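Working notes, beginning with the structure itself.
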Amino acid sequence: MPGRGFEVGDADIPDLFAETVRELSALVTSSGSARAAIGEVVLLASRLLPGRPMAAVTLHHEGAPETIAPAGGRTAVVDAVQCDAGVGPCWDVVRGEQPVWVPDVAGEQRWGDYPARMLAHGVRSIYSRPMWSNETVIGAFNLYSARSHGFDASTRQAAGYLTVVLSAAVDRARQAALTAQLRQALASRSVIDQALGIVMGRRGCDRDAAFDVLRQASQRRNIKLAEVAAQVVRTVTGAAPLPPHFDVSDSGKPEAP
Numbered sequence: 002m003p004g005r006g007f008e009v010g011d012a013d014i015p016d017l018f019a020e021t022v023r024e025l026s027a028l029v030t031s032s033g034s035a036r037a038a039i040g041e042v043v044l045l046a047s048r049l050l051p052g053r054p055m056a057a058v059t060l061h062h063e064g065a066p067e068t069i070a071p072a073g074g075r076t077a078v079v080d081a082v083q084c085d086a087g088v089g090p091c092w093d094v095v096r097g098e099q100p101v102w103v104p105d106v107a108g109e110q111r112w113g114d115y116p117a118r119m120l121a122h123g124v125r126s127i128y129s130r131p132m133w134s135n136e137t138v139i140g141a142f143n144l145y146s147a148r149s150h151g152f153d154a155s156t157r158q159a160a161g162y163l164t165v166v167l168s169a170a171v172d173r174a175r176q177a178a179l180t181a182q183l184r185q186a187l188a189s190r191s192v193i194d195q196a197l198g199i200v201m202g203r204r205g206c207d208r209d210a211a212f213d214v215l216r217q218a219s220q221r222r223n224i225k226l227a228e229v230a231a232q233v234v235r236t237v238t239g240a241a242p243l244p245p246h247f248d249v250s251d252s253g254k255p256e257a258p
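Positions 2 to 258 (our numbering) are the ones given, in order, by the sequence shown.
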């Protein structure tokens, strides 16, 4: 599990969440879709936590926030308010690396007009927790309640356990995306190498000259070099390029959050 915060399996984990956290941890490990795993956790939070708060995950990538897993019709709109404003609990969580609790939005003095905008959406209390990956905060797990003081100590503790599972799901998605990118890069390299061999044999030129032929065709036709290479192989051999030692298919590409 990710670096800081709660560890799944702590002796004091609430009984209500113990089995759920174990099941979700297994889902993160085995699910074919990490985004689906994230969605399961936020939906769980919305349905299971007292008061049925709205729940969302906001990830920060290169300083840009993105809500990727809203639970409920209004959640994306509510979460987008602080994403667009650049201020709010989510931003303070990422910058300060600590949970932020707003017991009563009506009495909140921070963040300019953000509290007033939250009140306009019917939000009276907010709780945000940092999500960790390799000792770095990558985003926040945000809870929004229509009641003031909507998150007591046990609810905030339960949110901590759920945040661990969410962070693991994001880690899994990002690792899978990096693996897919590497595989795609190696597959493209393999196709280009095959096309270079064909061009070198047909034209009696060296590798640099053959590469220049493919590059010029790519620029002239405004398509990727790997696509030009694949067309060369198919035209000359009558068959698709030989794959590398693993299968790279569009259906197998994960979507990184």
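The C-beta atom is built at its ideal place from N, Cα and C for all residues, glycine as well. These numbers come from a predicted model, not from an experiment.
Per-residue DSSP class, three states only, for S189: Walking along the sequence shown from the start, residue 189 turns up at place 188. Residue state, collapsed to three classes: helix.
Is it right to say Q220 is buried, meaning 16 or more other beta carbons lie within 10 angstroms of its own, or is it exposed? Position 219 of the sequence shown holds residue 220. Exposed.
Mind pulling the alpha helix (DSSP H) runs of 4 or more residues that sit fully within the stretch 102-140? The stretch 102-140 contains these whole alpha helix (DSSP H) runs: 115-121.
Using alpha carbons as the reference points, say which of Q110, E228, H122, A107 lies closest to R190. Within the sequence shown, residue 190 is the residue found at index 189, counting from 1. Closest by alpha carbon: E228.
From F152 to V78, what distance separates their C-alpha atoms? The residue labelled residue 152 in the question sits at position 151 within the sequence shown. The residue labelled residue 78 in the question sits at position 77 within the sequence shown. Straight-line Cα distance between these residues: approximately 21 angstroms.
For the alpha helix (DSSP H) containing R90, list its first residue and its last residue. Counted from its first residue, the sequence shown places residue 90 at position 89. The amino acid at residue 90 is misidentified as Arg; the sequence shows Pro. Run containing P90: 90-97, per the alpha helix (DSSP H) assignment.
Could you pull the start and end residues of the alpha helix (DSSP H) that E228 belongs to? By one-based count along the sequence shown, residue 228 stands at place 227. From DSSP, the alpha helix (DSSP H) with E228 extends over 226-238.
Using the Cα positions of A188 and V237, report the straight-line distance between them to the nearest angstrom. Walking along the sequence shown from the start, residue 188 turns up at place 187. Walking along the sequence shown from the start, residue 237 turns up at place 236. Distance between the alpha carbons of A188 and V237 is about 19 angstroms.
Please report the residue range of the alpha helix (DSSP H) in which L215 lies. Locating residue 215 in the sequence shown gives position 214, where the first residue counts as 1. Counting along the chain, the alpha helix (DSSP H) containing L215 begins and ends at 208-222.
Whole-number beta carbon distance between N143 and C91, since they are thought to touch under 8 angstroms: Taking the sequence shown and counting its residues from 1, one reaches residue 91 at position 90. Taking the sequence shown and counting its residues from 1, one reaches residue 143 at position 142. The Cβ separation is near 6 angstroms, so the contact holds.
Residues bridged to E67 (per DSSP): Start at 1 with the first residue of the sequence shown, and residue 67 comes out as number 66. L60.
One question on the structure: do S149 and A107 come within less than 8 angstroms of each other, judged by their Cβ atoms? By 1-based counting over the sequence shown, the position of residue 149 is 148. By 1-based counting over the sequence shown, the position of residue 107 is 106. In this structure, A107 lies closer than 8 angstroms to S149 by Cβ.
Evaluate P131 with the Cβ neighbour count: other Cβ atoms within 10 Å of its Cβ, from every protein chain shown; 16 or more gives buried, anything less gives exposed. Within the sequence shown, numbered from 1, the residue matching residue 131 stands at position 130. Buried, since its Cβ has 16 or more Cβ neighbours within 10 Å.
Less than 8 angstroms between the CB atoms is what I'm expecting for S126 and D93, so what's the real figure, rounded? One-based indexing of the sequence shown puts residue 126 at position 125. One-based indexing of the sequence shown puts residue 93 at position 92. Contact between S126 and D93 is absent: CB atoms are separated by about 15 angstroms, not below the 8 angstroms threshold.
Secondary structure at L50, three-state DSSP: helix, strand or coil? For the purposes of this step, residue 50 is taken as residue 49 along the sequence shown, with counting starting at 1. Residue state, collapsed to three classes: coil.
Tell me the DSSP bridge mates of L144? Looking up residue 144 in the sequence shown gives position 143. Bridge partners of L144: A56, Y128.
T59 classed as buried or exposed, judged by whether at least 16 other C-beta atoms fall within 10 angstroms: Taking the first residue of the sequence shown as 1, we reach residue 59 at position 58. Answer is buried; the Cβ neighbour count reaches 16.
How big is the Cα-Cα spacing for A65 and V82? Taking the sequence shown and counting its residues from 1, one reaches residue 65 at position 64. Taking the sequence shown and counting its residues from 1, one reaches residue 82 at position 81. So the alpha carbons of these two residues sit roughly 14 angstroms apart.
Using DSSP with H/G/I as helix, E/B as strand and the rest coil, what is R75? Your numbering for residue 75 matches position 74 in the sequence shown. Looking at R75 - three-state DSSP - the assignment turns out to be coil, as it is neither helix nor strand.
Report the rounded CA-to-CA distance for V88 versus L183, giving the unit in angstroms. For the purposes of this step, residue 88 is identified with residue 87 of the sequence shown, where counting begins at 1. For the purposes of this step, residue 183 is identified with residue 182 of the sequence shown, where counting begins at 1. Cα-Cα distance, rounded: 36 angstroms.
Have a look at W112, G123, V192, Q99 and flag the residue whose alpha-carbon is nearest the alpha-carbon of D85. Indexing the sequence shown from 1 puts residue 85 at position 84. Ranking W112, G123, V192, Q99 by Cα distance to D85 puts W112 first.
Cutting at 6 angstroms between CB atoms, please list the residues of its own chain near A259, excluding the five before and the five after it. With the chain covering 2 to 258 only, the question about residue 259 has no answer from this structure.
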